[in-house]
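In our numbering, the protein residues as written are 3 to 114.
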């Protein structure tokens, strides 16, 4: 990994159903926070992303937190950046970084 690419603060959290008659969810608790590298859909993948509806997906690379936190597809994340302010992403897929085992890659989908 190139030094200085982890420029965005990312917060991982989980949701719980709203209590009462109103449908929906609300934030339950923060699970983990860290610095991350955020990649949007690459230009070469743009047409494929358009056709399969994944244009708003992001790939996020973080240092592997080990046993401190394990991202799951039931978790959400937010990115502390003016561009992503107020947006919530659901984790779709987690995998180790093939080039460097000290990192993991997370594919997240925009939900809000």
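All residues carry an ideal CB built from backbone N, CA and C; glycine is no exception.
If you're wondering where the values come from, they're calculated on a predicted model, not measured in any experiment.
Please work out which residues of its chain come closer than 6 angstroms, Cβ to Cβ, to residue i, disregarding the five sequence neighbours upstream and downstream, and give them in chain order.
{"i": "residue 41", "result": "61"}
{"i": "residue 10", "result": "38, 40, 81 and 83"}
{"i": "residue 92", "result": "78, 111 and 113"}
Note down, in chain order, each residue of its chain lying with its Cβ closer than 8 angstroms to the Cβ of residue i, except the 5 sequence neighbours on either side.
{"i": "residue 12", "result": "35, 36, 37, 38, 40, 62, 64, 79, 80, 81 and 82"}
{"i": "residue 107", "result": "61, 62, 63, 96, 97, 98 and 99"}
Tell me which residue opens and which closes the beta strand (DSSP E) that residue i is part of.
{"i": "residue 113", "result": "Counting along the chain, residue 113 falls outside any beta strand (DSSP E), and DSSP gives it neither H nor E."}
{"i": "residue 10", "result": "10-19"}
Rounded to the nearest angstrom, how far is the Cβ of residue i from that of residue j, given a contact under 8 angstroms?
{"i": "residue 105", "j": "residue 66", "result": "6 angstroms"}
Given residue i, which residues of its chain have a CB within under 7 angstroms of its CB, disregarding the five upstream and five downstream residues?
{"i": "residue 90", "result": "78, 80, 113 and 114"}
{"i": "residue 75", "result": "93 and 94"}
Report buried or exposed for residue i, applying the criterion of at least 16 other Cβ atoms within 10 angstroms of its Cβ.
{"i": "residue 73", "result": "buried"}
Along the chain, which unbroken stretches of the alpha helix (DSSP H) at least 4 residues long are found entirely within the region 56-88? If we require 4 residues or more, the region 56-88 turns out to have no alpha helix (DSSP H) run fully inside it.
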